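All letters in the sequence shown, in the order written, are residues -9 to 140 by this note's numbering. Yeah, the Cβ is synthetic: ideal placement off N, Cα and C, and Gly gets one too. This structure is a prediction, so every number in the text was calculated from the model and none was measured. See structure below.
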Amino acid sequence: MIRKSTLISFLIAIILAPCALSAQSTAAQRARWMEQIRKTKFEFFTKEVNLSKEQQNQLFPLYEEMEKTIYKMNREAEALMKKTAADTNASETEFEAAATAMAKTTLQQGEIELDYFNKFSKFLSKKQLFRLKQAEEKFTQYLLKQRRSK
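Right, dumping it as structure tokens:
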């Protein structure tokens, strides 16, 4: 099962892929686009979760930290998967190791999310924690809808 933050990262990558392929795209344009997505997501979360300014200041840096940790972990697993898939002489043991690493990534992602969930619970109410999970799903749907309309 794909976790919401992974799906959000994946969708952002899909949305950005045409920009990366375009000859007119620049690193600065991609950075502005990523910042726009980030800003939109946090505005969405603020509204959906009913966050105070203080809660925003506490949540968003931690949330970004969580996303970066998960992103890095997923990129490492993806690199191993691609390396194994490209190796025409890969052994059964290597395939098993790559598959196991990918399966563990899902488990590790859940552990990371739970760790941050506990951190968020220090300044968000139980209702806000619940709404945050809902907001993640709604934002993912929003990104999918935006992607389909293009």
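Taking the C-beta atoms as reference points, F34 is found no nearer than 8 Å to F50. D77 sits in coil when the DSSP states are folded into three classes, being neither helix nor strand. Under the three-state reduction of DSSP output, L133 falls in the helix class. By the beta-carbon neighbour count (other beta carbons within 10 angstroms, threshold 16), E25 is exposed. In this structure, the beta-carbon distance from A88 to T78 does not fall below 8 Å. Counting other Cβ atoms within 10 Å of its Cβ, T130 reaches 16 or more and is therefore classed as buried.
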